[in-house]
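Asker: Read in order, the letters of the sequence shown correspond to residues 3 to 413 in the numbering used here.
For every residue, glycine included, the Cβ atom is placed at its ideal position computed from N, Cα and C.
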Amino acid sequence: MTSTQALHDIQTNAGAQFIGYGPGDGGEAIEVAQEFGHYEAEYAAIRQRVALMHLPQRAVLQFTGADRQDFLHRMLTQDINGLKGGSTVRAFQLNQKGRVMADILVHHGDVSTWLEMDRFDLPDVRQMYESHLFADDVTIEDWTDQRTALALHGPSSLDLLRVISSEDPQPVADMPGAHQVLTLAGVRVTVYRADPCAVMGFGLWVPTPEAARVYQALLTASGYELQEPGPGSDPEQAAAFAQRRRASLRGRPIGWSAFNTARIEAGSPIFHVDFGHDSLPAETGVLDEAVSFTKGCYLGQEIVARMKSLGHPKRVLVALRLDSEQLPLAGARVIEPASDDQVGAQGVTHSVIGGVTSSAISPILGHRPVVFAVIKWGKHTPGTAVQVSAEGTFIEAQVQGLERLQHLASE
3 MTSTQALHDI QTNAGAQFIG YGPGDGGEAI EVAQEFGHYE AEYAAIRQRV
53 ALMHLPQRAV LQFTGADRQD FLHRMLTQDI NGLKGGSTVR AFQLNQKGRV
103 MADILVHHGD VSTWLEMDRF DLPDVRQMYE SHLFADDVTI EDWTDQRTAL
153 ALHGPSSLDL LRVISSEDPQ PVADMPGAHQ VLTLAGVRVT VYRADPCAVM
203 GFGLWVPTPE AARVYQALLT ASGYELQEPG PGSDPEQAAA FAQRRRASLR
253 GRPIGWSAFN TARIEAGSPI FHVDFGHDSL PAETGVLDEA VSFTKGCYLG
303 QEIVARMKSL GHPKRVLVAL RLDSEQLPLA GARVIEPASD DQVGAQGVTH
353 SVIGGVTSSA ISPILGHRPV VFAVIKWGKH TPGTAVQVSA EGTFIEAQVQ
403 GLERLQHLAS E
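1) For Ala53 and Gly17, I'd like the C-alpha separation in whole angstroms.
2) Any idea what DSSP makes of Ser353, helix, strand or coil?
3) For Asp276, does the count of other Cβ atoms within 10 angstroms reach 16, so buried, or fall short, so exposed?
4) Could you check what DSSP says for Arg164 in three-state terms: helix, strand or coil?
5) Throw me the rounded Cβ distance for the Asp69 and Asn83 pair, which I believe falls under 8 Å.
6) If we call anything under 8 Å between Cβ atoms a contact, is Phe273 one with Asp105?
7) Quick check: what's the CA-CA separation for Ile337 versus Cys299?
8) Should Asn15 be labelled buried (16 or more other beta-carbon atoms within 10 Å of its own) or exposed?
9) Looking at the secondary structure, which residues open and close the beta strand (DSSP E) in which Met3 lies?
10) Under three-state DSSP, which class holds Val345?
11) Closest by CA to Leu78, which one among Leu96, Lys86 and Ser89?
12) Apart from the five residues just before and just after Gly346, which ones in its own chain have a Cβ nearer than 6 Å to its Cβ?
13) Are the segment 247-263 and the segment 33-46 in contact at 8 Å, needing three or more beta carbon pairs?
14) Are Gln59 and Arg121 close, meaning C-beta to C-beta below 8 Å?
15) Report all residues from its chain with a CB closer than 6 Å to the CB of Thr141; omit the five preceding and five following residues, and keep chain order.
16) What first and last residue would you give for the beta strand (DSSP E) that runs through Thr296?
17) Drop a sphere of 10 angstroms on the beta-carbon of Leu2, count the other beta-carbons inside from all chains shown, and report buried for 16 or more, exposed for fewer.
18) Looking only at DSSP bridge pairs, what is Phe94 linked to?
19) Closest to Val372 by C-alpha separation, out of Val288, Ser294 and Val358, would be which residue?
20) Just the C-alpha distance for Gln19 and Thr6, rounded to the nearest angstrom, thanks.
21) Would you mind stating whether Asp81 and Lys297 have Cβ atoms separated by less than 8 Å?
22) Could you check where the alpha helix (DSSP H) with Leu124 kicks off and where it finishes?
23) Per DSSP, what are the beta-bridge partners of Tyr23 in this structure?
24) Between Ala35 and Trp258, is the Cβ-Cβ spacing less than 8 Å?
25) Return the CA-CA distance between Lys473 and Glu230, expressed in angstroms with no decimal places.
26) Hey, quick one: how far does the alpha helix (DSSP H) through Phe73 stretch, first residue to last?
27) Quick one: using the 10 Å Cβ neighbour count with 16 as the cut-off for buried, is Gly368 buried or exposed?
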């Protein structure tokens, strides 16, 4: 049995229900855990304890060679030449028209540089890089099959790393924008700080042959047991289990559903969900995080610079605040409210100014909807009143910045 199959079996035995992740063009989808039958407990683990997630949709391109840093500096939107070994930074790969080809985490080391991205973006990105290589001393390798991506979310994430790490994980916890190699359960794992849910979190790249062992070690160290006593169980066994659980970190595996709620609450947009290949960097909501405006030329830089100095995008990603319990779904229309003289008029055509990209019911915000939407420029200012389609009607909403959701989620 391969480690990949063993990891899948561990999740299945834990009650995982899987969904297909893919480009939607008829290609083969990747199985991603949606939930483990306990959505509320999984969400609570993110917010209060520690949650373990497998990310089979993530991929890695490895770059080696003396010119790799300078080459990537010419291609990506971030200042790659300024990175020291052990640095991690977010960047976009743009095309010639300045549109986003891939949303990338750059893990730069002394010997190699890894580009972490969505698995379905890797083929086109690699092909483009290879077409731009001339006399550069750069070797590009797809390491996706050699490494498996895991993630920890929750305030006890650091405590969990301490339990199974042979080294002190405090340095990587204290330094967002850095990564560190730790020995977890006897396996050398690349670990970096990542907080998309507005709580402490870590990304882990594990050698694939050891991925199932590390995943199981993390579950065990977090206090999670596959054979949880059910109704009718022996009372003494149930009491012993409860005592062990209370004394542990009370972690558990989680799926996409709980993570999706927490990351929307935190104001963290996702490529291919909230913005995509037709998006300019200024439309994504993460422009300042992924783009350097002090570096030299890179692919698509002229469009980015022109947008920065001379104008603005036609649209931008924002959050919407709704007091209703009705939940707008992805694709729902956002319109301008009717003016006073239009109220009650027959045949009024409302102007569509945007559309919903993500939504969820937020436990931390009193079970109100949390919503991302792409909105027409000029209607994107926080406090602007809009209406959004939900459950067959239009409901009142107010525009917010993404950073406002993050603030509320972390309170």
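Answerer: In short, the structure shows the following:
1) In the sequence shown, the residue the question calls residue 53 occupies position 51. In the sequence shown, the residue the question calls residue 17 occupies position 15. Straight-line Cα distance between these residues: approximately 15 Å.
2) Sequence index remark: in the sequence shown, residue 353 carries index 351 (1-based). Ser353 falls in the coil class under three-state DSSP.
3) Residue 276 sits at position 274 when you count from the first residue of the sequence shown. Asp276 should be labelled buried.
4) Taking the sequence shown and counting its residues from 1, one reaches residue 164 at position 162. Three-state result, Arg164: helix.
5) In the sequence shown, the residue the question calls residue 69 occupies position 67. In the sequence shown, the residue the question calls residue 83 occupies position 81. Not confirmed; about 11 Å, so no contact.
6) Walking along the sequence shown from the start, residue 273 turns up at place 271. Walking along the sequence shown from the start, residue 105 turns up at place 103. Cβ atoms of Phe273 and Asp105: closer than 8 Å.
7) On the sequence shown, position 335 is the one that residue 337 refers to. On the sequence shown, position 297 is the one that residue 299 refers to. Roughly 39 Å separates the two Cα atoms.
8) Here residue 15 corresponds to residue number 13 of the sequence shown, with the count starting at 1. Exposed, because fewer than 16 other Cβ atoms sit within 10 Å of the Cβ of Asn15.
9) Taking the sequence shown and counting its residues from 1, the one referred to as residue 3 is at position 1. Careful: Met3 lies outside any beta strand (DSSP E) and carries neither H nor E.
10) On the sequence shown, position 343 is the one that residue 345 refers to. For Val345, the predicted model reports a pLDDT of 47, less than 50, meaning its position is unreliable and no value from the coordinates is stated.
11) Mapped onto the sequence shown, residue 78 falls at position 76. Checking every option, the nearest Cα to that of Leu78 belongs to Leu96.
12) As a position in the sequence shown, residue 346 is number 344, starting the count at 1. Confidence at Gly346 is low in this model, with a pLDDT of 48, below 50, so its placement is unreliable and the value that follows should be read with caution. Closer than 6 Å at Cβ, skipping near neighbours: no residue.
13) yes
14) In the sequence shown, residue 59 corresponds to position 57, counting from 1. In the sequence shown, residue 121 corresponds to position 119, counting from 1. Result yes, Cβ atoms of Gln59 and Arg121 sit closer than 8 Å.
15) Locating residue 141 in the sequence shown gives position 139, counting from the first residue. The residues are Thr66 and Gly67.
16) Within the sequence shown, residue 296 is the residue found at index 294, counting from 1. Segment: none, Thr296 is in no beta strand (DSSP E) and carries neither H nor E.
17) Since the displayed the chain opens at 3 and closes at 413, residue 2 lies outside it and no answer follows.
18) As a position in the sequence shown, residue 94 is number 92, starting the count at 1. Looking at the DSSP assignment, Phe94 forms a beta bridge with Asp105.
19) Within the sequence shown, residue 372 is the residue found at index 370, counting from 1. Closest in alpha carbon position to Val372, among Val288, Ser294 and Val358, is Val358.
20) Translated into the one-based positions of the sequence shown, residue 19 becomes position 17. Translated into the one-based positions of the sequence shown, residue 6 becomes position 4. Answer to the nearest angstrom: the Cα atoms are 17 Å apart.
21) Within the sequence shown, residue 81 is the residue found at index 79, counting from 1. Within the sequence shown, residue 297 is the residue found at index 295, counting from 1. Contact: yes.
22) Looking up residue 124 in the sequence shown gives position 122. Note, Leu124: alpha helix (DSSP H), Leu124 to His134.
23) Here residue 23 refers to the residue found at position 21 of the sequence shown. DSSP lists Ile32 as partners of Tyr23.
24) As a first step, residue 35 must be located in the sequence shown, where it is residue number 33. As a first step, residue 258 must be located in the sequence shown, where it is residue number 256. The answer is yes: Cβ separation under 8 Å.
25) Within the shown structure, residues of the chain are numbered from 3 to 413, placing residue 473 beyond reach of any answer.
26) Here the question's residue 73 lines up with position 71 in the sequence shown. Arg70 to Met77 is the span of the alpha helix (DSSP H), which, as asked, contains Phe73.
27) In the sequence shown, counting from the first residue as 1, residue 368 sits at position 366. The C-beta of Gly368 has fewer than 16 other C-beta atoms within 10 Å across all chains shown, which makes the residue exposed.
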